[in-house]
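K.L.:
In our numbering, the protein residues as written are 6 to 152. Please read through the structure below; I'll follow up with questions.
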């Protein structure tokens, strides 16, 4: 039986003292920010990846920049597999991004670099900006889905 999430779903009308909820109605294309990116520990390590991995990563980021947040979040593309991160899921190895804001964890998203080959990118949206937190080449956030 699936574990019920301990987090309430974020609402656009909800006020936060930390961040503004993501607006997914605008026409602004996605931009990426790496200010919050972390590679500490062995779980989200990417330094041993070859140039092919980084080429695929940059190509995916380039392609996603042509989308709006709404287009990415509602895409049914099997190569993107974009969906929200449920940190309350028992298969998830983290209980949040580790920032001092529950709002950020409630707004966590992930998408694939390439279909079942190079792992995923995890982060959160603030308006049309996707803040990359982890590169996950080995599917370590959800290890039951390893390559």
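Ideal Cβ placement from N, Cα and C applies to all residues, glycine included.
1) Please state whether the Cβ-Cβ distance between residue 137 and residue 128 is less than 7 Å.
2) Considering only the alpha carbon of each residue, which of 132, 91 and 121 lies closest to residue 146?
3) So, for residue 16: in the same chain, excluding its five sequence neighbours on each side, which residues have a beta-carbon less than 6 Å away from its beta-carbon?
4) Below 8 Å on the Cβ atoms is my guess for residue 115 versus residue 84; work out the distance and round it to an integer in Å.
5) Quick check on DSSP: helix, strand or coil for residue 47?
6) When we look at the beta-carbon of residue 53 and count the other beta-carbons within 10 Å, is it buried (16 or more) or exposed?
7) List the DSSP bridge partners of residue 134.
8) Quick check: what's the CA-CA separation for residue 151 versus residue 104?
P.N.:
For this structure:
1) yes
2) 91
3) Unreliable positioning characterises residue 16 in this predicted model, as indicated by a pLDDT of 49, which lies under 50. The coordinate reading is nonetheless provided below. Excluding positions up to five away in sequence, the list is empty.
4) Not quite, the Cβ-Cβ distance comes to about 14 Å (not below 8 Å), so this is no contact.
5) coil
6) exposed
7) 36 and 131
8) In this predicted model, residue 151 has a pLDDT of only 44, less than 50, meaning its place in the structure is not dependable; the value taken from the coordinates is given anyway. Their backbone Cα atoms lie some 26 Å apart in a straight line.
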